[in-house]
Structure formats: C-alpha cells, structure tokens
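Take 1 as the starting number for the sequence shown in UniProt numbering and just add one per residue. Quick reminder that beta carbons are idealized off the backbone N, C-alpha and C, glycines included. Below you'll find the structure, written out as structure tokens, and then a few comments.
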Amino acid sequence: MPRTSSSLLPRLRRVRRAARWARKNFARAPRMVRIAGGVAMLLAAIALLNIVAQMVRKPTELFFLVGHSLDKEPAETWARYGPLFRRHSTAAITPELLAALAQVESSGNPVARTYWRWRWSFNPLSIYRPSSSAVGLFQMTDPAYAEAARSCVRGNAVTETGCGFTSLYIRTIPSHAVELASVYLDRQVADVLARTGDVKASPQQRQDLAAFIHLCGAGPATAYARRKFQMLAGERCGDHLVAAYVARVNAIKRQFQRLAADDGD
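Shown next, in the form of structure tokens:
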C-alpha cells in the first residue's frame, strides 16, 4: 500500500502542475481565444452530458458497443430464429412475414438500435437524440410494446389468458421480441379490418396491411384498407416510401418461404 501511495503522489503533482500551466496560459491568451476556448469547453460538456442523459433515458443505446456484429443474412436469421417465428405465428401473421420484418428492420440483429437525429430545441439535451424509442429485432417502440405486452400467443393464436409475465418482456430478447411483434400486428390487423366495415381482405392483403401497420401505425393503415388496399403514389411514413417498404418486405418474405420449404424437404 505505501508503494502505491508513493507512486501516485508524483502523478498527482504532475497533474496539478499541468493544470496550473494551462490556467496560466489560458489567462494570458487573447480575449477572443479565451472566449472561443470557453465556448468549446462548454459545448464539449453539453455533448458529454447529452450522451449520458440519452443513455439514462434509453439504456439500450449502450448496445452501440455491439454495433452491427450481430447482423445476419436471411439464411442465418431463419436458421437462428425460425423455430421462434413458427411458435409465435398466427393465422394472419405467418412465420415468413415475421422473419421478413425482422430482416428488414434489423438484419436479424436482436439488439439493433435506431439512428440518432438532430432536432432544433431550446432544450440542449433534445437537440441530438435517438430518433425514436425503437429497439430490437422488430424495432418496436414503447407505445407498441405497452399495447402488445398485455397479451401473448398460445397455440398460434393471440390471447389475454395464461400469459404469465409478458408485461416484463424485454425487446432485446429474441423470443420476447417475436411474440410481442406477432401479438401487436395480429391485434392491429384485426382492429383495422373491423373499422373498415365490409372490406374483405385476402391472406396476402392482410400481410401487406401488417407491414403497413408496422411502418405507419393504425391510422394511415386504416385509410389504406378503406382504399381497398391501394397504395398512394409517393406516400411516406417517416423516412420510408410505403410502397417500397411493403415491396421489400414481400421480396424478403419470398426468400424465407423458400428457406421454409427447404426445411420441409
């Protein structure tokens, strides 16, 4: 212990000397240099505080340390999560649709995060922050999670009985994420179709509607269903063209259908 103390003392003295030297030279610097230096230090402090604040608000942002190392090609996604997609599928939300949405949203990465975005705000801690609360295989947001966590999938059907502790589900755990997504989309598809009255939907139209809901939410999806499932040219939700998003989901879904067929051979 004495050796440790004796080795630390010289280091502390060097740090104090360096700090005194920096203060002395900073005080002697021209006024504009001092102002610029002060502003730079203030901005650096705000940036550091903002990062800490965002991590507290959304701890899953710490998964930036993992980055894209858990991204997967479609075949890997199916090999890893295929049994989960099958177990938690429903009549409307097929295993291949779940797989396609997971691939499009996160490349099969269970801890995928959303991007960060600049926004003008008088609150310095809101200027640069995650674009949404989305996280996990399906990039599920907090409101969607709160709605889905009340139910579960049992026997490939959504139910509110015998669900146990689904309210404690974690979106970065693949089995939880798949079940939550299936519950949310199955319920939303049923609710949207109920609101549209006499509109009849084929299985493919139900799956397109599910992809639409996943991207845009129930409001725009209801309008889409009332148009007899006709896309509007140039319609966007967030940063995505809706028609392009749904087409991409369908294209990747066909890949997973081939992978599922290969499993059955």
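Distance between residue 140 and residue 75, taken at the CA atoms: about 23 Å. For residue 86, there is no enclosing beta strand (DSSP E); the enclosing alpha helix (DSSP H) has its first and last residue at 74 to 87.
Between residue 137 and residue 100, the C-beta gap is not smaller than 8 Å, which leaves the two residues out of contact.
The three-state secondary structure of residue 231, taken from DSSP, is coil. Beta bridge pairing from DSSP links residue 159 with 152. The C-beta distance from residue 195 to residue 158 rounds to 18 Å, too long to fall under 8 Å, and the pair is not in contact.
Counting the other CB atoms within 10 Å of its CB gives residue 108 a total of 16 or more, which places it among the buried residues.
Between the region 68 to 84 and the region 229 to 236 there are fewer than three C-beta pairs closer than 8 Å, too few to call the two in contact. In the DSSP assignment, residue 134 falls outside any alpha helix (DSSP H), carrying neither H nor E. In its chain, beyond the 5 residues on either side, 93, 210, 213 and 214 have a beta carbon closer than 7 Å to the beta carbon of residue 185.
Here residue 254 carries a helix assignment [DSSP, helix/strand/coil].
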